[in-house]
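S.K.:
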């Protein structure tokens, strides 16, 4: 039996062990809370910021309905756009290219006849081609000074069924006097322009080289180039003036009885030249390559592409207020406008499909097929214009433009 002293000793030992255990537990608790550093409260976990929902996209604004126009109002806008964006810039570009041709010819011909070598016309040929393309862009237009006094034929004498170009050039080269632009301006029309220059620039050079003939050849070339420039200045100046043909065409005054009359004259010119390109340049060019347009320089394909571009610009006023807008704004004929624009896209594709050499195209079965495909595509555009558009706008065209003769 344990005595009281033993029990008392055991009790003290147990109490001491319990106290020690409590202190250890307390220390472990403090360590688990970050070590005792003054008993600070742990930082709270941050609340994540909610991502805002994107604002809904605003509804697209409705396309405004164009204000309807009377036909006369629409014609005024069209005529203004056509003259400003197509006709005036076209003649300005022709004048610029004609001046470059005159300057180039004068420079290149300065020393003609001083050596025993044939004339090297490479630089002049390049300038001639550029002037020729500039002319093709406005060749369709018969209004204004280009349509007077056979001026268009003076610039480009084609087709030349009677060989007048060769005879006219021969007469100038045989003239014992110094041939000037004034003499050229008073000779036959066929010897005055780009076609006459083409004959000299691209014909086979005679051998042996005659120094006197070389000098005369360049003298005639320079005089013709100067005459072309003089004509181009008269065309451009007339269209730039605010009180001349431009003002009359837009206002339907002077030689025009109304704006409708102005449009009728323009559309007639347009369709007439459409026939020239489609039939004379393309179809007749297949069967008579020697008399094809610019046969010596083989430029027909380039000419036709430029002509097509000019036809499109006549219709849409170079993407401004065009005849397509007249159809839509004055007559709500959206379908006709779309059909014509689509048909011109097909024509452009067919024109681009031709090889650059028209002579090569006309001489192959595949090439002839491409030429005919282009002519057929142009038929579609022409019919849409002269039937659907003309009827919708109630136009009264001239005989040629209406009948395709």
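Residue numbers (our numbering): 33 to 437. Beta carbons: idealized from backbone N, C-alpha and C, even for Gly.
Since residue 355 and residue 110 should fall inside the 8 angstroms C-beta cutoff, what is the C-beta to C-beta distance between them, to a whole number of angstroms?
M.R.: Rounded, the Cβ-Cβ distance is 6 angstroms, consistent with contact.
S.K.: Can you name the start and end residues of the alpha helix (DSSP H) that residue 438 belongs to?
M.R.: A query on residue 438 cannot be resolved here, the shown segment of the chain reaching from 33 to 437 and no further.
S.K.: Where do the N-terminal and C-terminal ends of the alpha helix (DSSP H) with residue 262 fall, by residue?
M.R.: DSSP places residue 262 inside the alpha helix (DSSP H), whose first and last residues are 243 to 272.
S.K.: May I ask you to verify whether the region 164 to 184 touches the region 261 to 271, counting CB pairs closer than 8 angstroms and requiring at least 3?
M.R.: yes
S.K.: Between the region 281 to 294 and the region 197 to 211, can you find at least three pairs of beta-carbon atoms closer than 8 angstroms?
M.R.: Contact fails between the region 197 to 211 and the region 281 to 294, because fewer than three Cβ pairs, one in each stretch, are under 8 angstroms apart.
S.K.: Consult DSSP for residue 12 and reduce its assignment to one of helix, strand or coil.
M.R.: Given that the chain is displayed from residue 33 to residue 437, the structure contains no residue 12 and the question cannot be resolved.
S.K.: Taking one C-beta from the region 222 to 230 and one from the region 347 to 367 each time, how about it: are there three or more such pairs within less than 8 angstroms?
M.R.: By the Cβ criterion, the region 222 to 230 is not in contact with the region 347 to 367, since fewer than three pairs of Cβ atoms, one from each stretch, lie closer than 8 angstroms.
S.K.: Work out the CA separation of residue 174 and residue 188 for me, nearest whole Å.
M.R.: 13 angstroms
S.K.: Can you tell me whether residue 275 is buried or exposed? The criterion is at least 16 other CB atoms within 10 Å of its CB, across all chains shown.
M.R.: Flag for residue 275 reads exposed.
S.K.: If we count the other Cβ atoms within 10 Å of its Cβ and call it buried at 16 or more, is residue 254 buried or exposed?
M.R.: buried
S.K.: For residue 408 and residue 311, what's the separation of their Cα atoms in angstroms?
M.R.: 10 angstroms
S.K.: Quick one: grab the DSSP three-state call for residue 61.
M.R.: Any reading at residue 61 needs caution, since the residue's pLDDT is 40, under 50, leaving its predicted position unreliable; the model's value is listed next. In the structure shown, residue 61 sits in a helix (DSSP, three-state: H, G or I).
S.K.: Less than 7 angstroms separating the beta-carbons of residue 117 and residue 357?
M.R.: no
S.K.: Taking buried to mean at least 16 other C-beta atoms within 10 Å of its own C-beta, is residue 279 buried or exposed?
M.R.: exposed
S.K.: Please state the DSSP three-state secondary structure of residue 131.
M.R.: helix
S.K.: Who are the near neighbours of residue 126 in its chain, counting only those whose CB is closer than 8 angstroms to its CB and skipping five residues on each side?
M.R.: 163, 166, 167, 169, 170, 264, 267 and 268
S.K.: Which residue's Cα is closest to the Cα of residue 386: 191, 244, 332 and 234?
M.R.: 332
S.K.: Let me check understanding here. Comparing Cα to Cα, which of 372, 104, 151 and 134 lies closest to residue 161?
M.R.: 134
S.K.: From the DSSP output, in three-state form, read off residue 67 for me.
M.R.: Residue placement at residue 67 is flagged as unreliable, the pLDDT there being 43, under the threshold of 50; a coordinate-derived value is accordingly withheld.
S.K.: Among the candidates 258, 156, 306 and 382, whose CA atom is the shortest distance from the CA of residue 417?
M.R.: Comparing alpha carbon positions, the residue from 258, 156, 306 and 382 closest to residue 417 is 306.
S.K.: Are the CB atoms of residue 340 and residue 379 within a distance shorter than 7 angstroms?
M.R.: yes
S.K.: With a threshold of 16 other CB atoms inside 10 Å of the CB of residue 129, please say whether the residue is buried or exposed.
M.R.: buried
S.K.: Can you tell which of 314, 396 and 425 has the C-alpha that lies nearest to the C-alpha of residue 368?
M.R.: 425
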